Amino acid sequence: MEGTVIKSTGSWYKVLTEEGQRLDCRLRGRIKLSGSKSTNPVAVGDRVWLHLEEGVGMIEDILERKNYIIRKATKLSRQTHIIAANIDQAVIIATLAYPRTSTGFIDRFLVTCEAYSIPAVIVFNKLDLVSGTPSSEKLDQLTKVYEKAGYHCLHTSATEAVNLDQFSNLLRGKISLLGGHSGVGKSALINAIEPGLDLKVQAVSKAHKKGRHTTTFAEMFHLSNTGAIIDTPGIKEFGLVDFEAWELCHYFPEMRNFFNQCRFDNCTHLNEPGCRVKEAVNEGEISIMRYENYLNMLLGGETRKKS
Ligand SMILES: Nc1nc2c(ncn2[C@@H]2O[C@H](COP(=O)(O)OP(=O)(O)O)[C@@H](O)[C@H]2O)c(=O)[nH]1
Ligand SMILES: [Mg+2]
Ligand SMILES: [Zn+2]
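Offset between the sequence shown (1-based) and the working numbering: plus 493.
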């Protein structure tokens, strides 16, 4: 049988078969992924081959992944943990209300998506708490910056039912990875478009605690609009993989028009002479905010020489 892994708890996997059955499964023997430093061989979203053995599904094989997204198993570890596989798009839920999402967080998320060639969309939630406040202008500014960089942005309120049709349309027919800090309203948004799921919505203070102290597992939920979402409760950051400093600019779409015109091929756009990217920042063609977040990532130890 063929199926999709919809939940993984380490040693057990929940698999939705092509026939629509939900089976508890185990891994047959040891399935090794060649060259993998990953702590988990099978992740949510994986397509697998399985057969039944006394009522238990045995996963025989993993079909080739279209893509996947990982984080470091622990902060210092070289091992990685695959968060999800075969993702059509990543949707970052952010908010300028509480708990306010920093652009640094948004940009790290977007860079990770670019590095894995996963299209990303930004949803700014809790619009009801932002409208009519000074944050409203900030929201418009950010939206302009991200749309100019090529990212679709949506403004929603889960509690006041603002733009929920657009949110639902965004997810239609696709497998979407949902990201964002605890408390921004991921569960509330999904419940608002799919009340049958009844995901747990938590007081923001509680959601914060949960994010800090417990490890939960990614899980895939199917929507009646033929989409599916992968919720990632408790996963705070989608870690960057190792890449070389000169590569980072490839993951900022608005820099792609410029970095080929720098004087040096390996320009990191920090303070090299003849840097076309810096020129574009000075001319206002690239947002200063995005450039500063680029520098933070460049200098913050996020990139490491591969050699
Ligand atoms: N005012 C307002 N509160 C919201 C909105 N969306 C979610 N919340 C509240 O934010 C808190 C966290 O929501 P939850 O869905 O659990 O966040 P998650 O951790 O991202 O899944 C709950 O108290 C929700 O009621 C919104 O659009 N407006
Ligand atoms: Mg949640
Ligand atoms: Zn440059």
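For each residue, glycine too, the CB sits at the ideal point set by N, CA and C.
These figures come from a predicted structure and were not determined experimentally.
DSSP state of residue i mapped onto helix, strand, coil
| i | result |
| --- | --- |
| residue 508 | strand |
| residue 546 | strand |
| residue 656 | coil |
| residue 763 | coil |
| residue 536 | coil |
| residue 692 | coil |
| residue 671 | strand |
| residue 710 | coil |
| residue 564 | strand |
| residue 802 | For residue 802 there is no data in the structure shown, the boundaries of the chain being 494 and 800. |
| residue 774 | helix |
| residue 747 | helix |
| residue 617 | strand |
| residue 541 | strand |
| residue 704 | Here the model assigns residue 704 a pLDDT of 45, short of 50, so the residue's position is not dependable and the matter cannot be decided. |
| residue 531 | strand |
Any non-hydrogen atom of ligand 3 within 7 Å of residue i CB
| i | result |
| --- | --- |
| residue 752 | yes |
| residue 785 | no |
| residue 749 | no |
| residue 743 | no |
| residue 770 | yes |
| residue 762 | yes |
| residue 765 | yes |
| residue 755 | yes |
Nearest residue (CA-CA) to residue i, options the options
| i | options | result |
| --- | --- | --- |
| residue 502 | 513, 510, 496 and 533 | 533 |
| residue 504 | 521, 547, 515 and 513 | 521 |
| residue 780 | 563, 718 and 746 | 746 |
| residue 753 | 770, 737, 738 and 744 | 770 |
| residue 650 | 644, 741 and 686 | 686 |
| residue 511 | 782, 541 and 555 | 541 |
| residue 750 | 595, 641, 673 and 697 | 641 |
| residue 494 | 761, 535 and 555 | 555 |
| residue 677 | 636, 621, 716 and 637 | 621 |
| residue 587 | 691, 742, 680 and 710 | 680 |
| residue 689 | 697, 670 and 714 | 714 |
| residue 683 | 618, 768, 496 and 639 | 618 |
| residue 581 | 615, 718 and 559 | 559 |
| residue 547 | 658, 516, 742 and 666 | 516 |
| residue 544 | 722, 519 and 645 | 519 |
| residue 763 | 665, 671 and 739 | 739 |
| residue 549 | 536, 508, 557 and 778 | 508 |
Residue range of the alpha helix (DSSP H) that includes residue i
| i | result |
| --- | --- |
| residue 740 | First-last for residue 740: undefined, no H or E at that position. |
| residue 621 | 620-623 |
| residue 818 | Residue 818 is absent from the model: the chain starts at 494 and stops at 800. |
| residue 633 | 628-641 |
Range covered by the beta strand (DSSP E) that runs through residue i
| i | result |
| --- | --- |
| residue 498 | 495-501 |
| residue 581 | Element bounds for residue 581: n/a, residue is neither H nor E. |
| residue 802 | Here the chain has residues from 494 to 800 only, and residue 802 is not among them. |
| residue 600 | Note, residue 600: premise wrong, no beta strand (DSSP E); alpha helix (DSSP H) at 596-608. |
| residue 647 | 645-648 |
| residue 721 | 721-724 |
Proximity test, residue i beta-carbon vs ligand 2 heavy atom, cut-off 7 Å
| i | result |
| --- | --- |
| residue 619 | no |
| residue 507 | no |
| residue 692 | yes |
| residue 726 | yes |
| residue 680 | yes |
Heavy atom of ligand 1 within 7 Å of residue i beta-carbon
| i | result |
| --- | --- |
| residue 695 | yes |
| residue 626 | no |
| residue 677 | yes |
| residue 673 | yes |
| residue 652 | yes |
| residue 723 | no |
| residue 622 | yes |
| residue 552 | no |
| residue 586 | yes |
Chain D contact for residue i (CB, 8 Å cutoff)
| i | result |
| --- | --- |
| residue 517 | Absent from the structure: chain D. Only one protein chain is present. |
In DSSP terms, what residue i is bridged to
| i | result |
| --- | --- |
| residue 554 | 542 |
| residue 575 | 563 |
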